[in-house]
Amino acid sequence: MECEICGKPVPEHNPIRAKIEGSVMVVCKECSKLGKIQKAPPKPRYLKQDKSKRPKTTRNRSYTRNDEPSEELIEDFEFKVRKARESKNWSREELGKRINERVSVITRIETGKMTPDVKLTKKLEKALDIKLLEKVNNVDLNQFISSSSGERTLGNIMKIKRK
115 MECEICGKPV PEHNPIRAKI EGSVMVVCKE CSKLGKIQKA PPKPRYLKQD KSKRPKTTRN
175 RSYTRNDEPS EELIEDFEFK VRKARESKNW SREELGKRIN ERVSVITRIE TGKMTPDVKL
235 TKKLEKALDI KLLEKVNNVD LNQFISSSSG ERTLGNIMKI KRK
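Sequential numbering of the sequence shown, starting at 115, is according to our numbering.
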């Protein structure tokens with residue numbers, strides 16, 4: 115078993131689970147310092163019962179590459195929305211009426227306190243005649259493999275931010 119961040123070996127009989135940035139991962143002792151160590155998950159109760167009494171499980175939907183978003187909101191969307199609205203000499207109230215949204219939503223978008231969903235982004239693009247969504251290039255993750263076993267880990271792809 116390998117650390118999901120750096121790829122170092124982790125003892126299989128006593129793996130360390132740590133919650134890092136909201137995700138629980140199996141990590142080595144060094145990488146466990148980046149998050150909060152979690153207790154081992156409890157054993158399922160149905161293992162001691164006979165198979166007929168097991169709870170029915172639903173099938174998990176398998177996700178394909180096509181399920182990944184192909185468009186992404188640009189970084190400085192809030193400035194672009196405000197600039198486009200001001201260039202048309204519209205108030206926030208007027209823009210809100212044109213796209214059928216509340217003024218508070220427009221204000222939160224322009225201040226960066228809210229990220230609009232795809233539907234709202236497309237309404238803003240159409241009303242303001244701007245481009246807020248950009249195409250996302252699919253990254254070949256195999257180019258990042260550098261661990262000793264040749265497996266892909268998060269540490270191969272991301273830069274770790276130290277606290």
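Note that the Cβ used here is the ideal one computed from N, Cα and C, for glycine as well.
query, result
"Cβ-based neighbour list, L148, same chain, cut-off 6 Å, excluding 5 preceding and 5 following", "I134"
"Nearest-angstrom Cβ-Cβ length linking E207 and V195, presumed shorter than 8 Å", "The pair is not a contact, with the Cβ atoms about 15 Å apart (cut-off 8 Å)."
"Beta-carbon spacing of K237, I213 below 7 Å", "yes"
"Per-residue DSSP class, three states only, for R131", "strand"
"For E208, the first and last residue of its enclosing beta strand (DSSP E)", "Element bounds for E208: not the beta strand (DSSP E) but the alpha helix (DSSP H), 206-213."
"C-alpha gap between K245 and C120, whole angstroms", "38 Å"
"Cβ distance (whole Å) where E185 is taken to contact L247 below 8 Å", "4 Å"
"Local Cβ density within 10 Å of T229, reported as buried at 16 or more and exposed below that", "exposed"
"7 Å Cβ cutoff met for E118 and V140", "yes"
"Span separating the alpha-carbon of E239 from that of F193", "13 Å"
"Residues bridged to L106 (per DSSP)", "Residue 106 is absent from the model: the chain starts at 115 and stops at 277."
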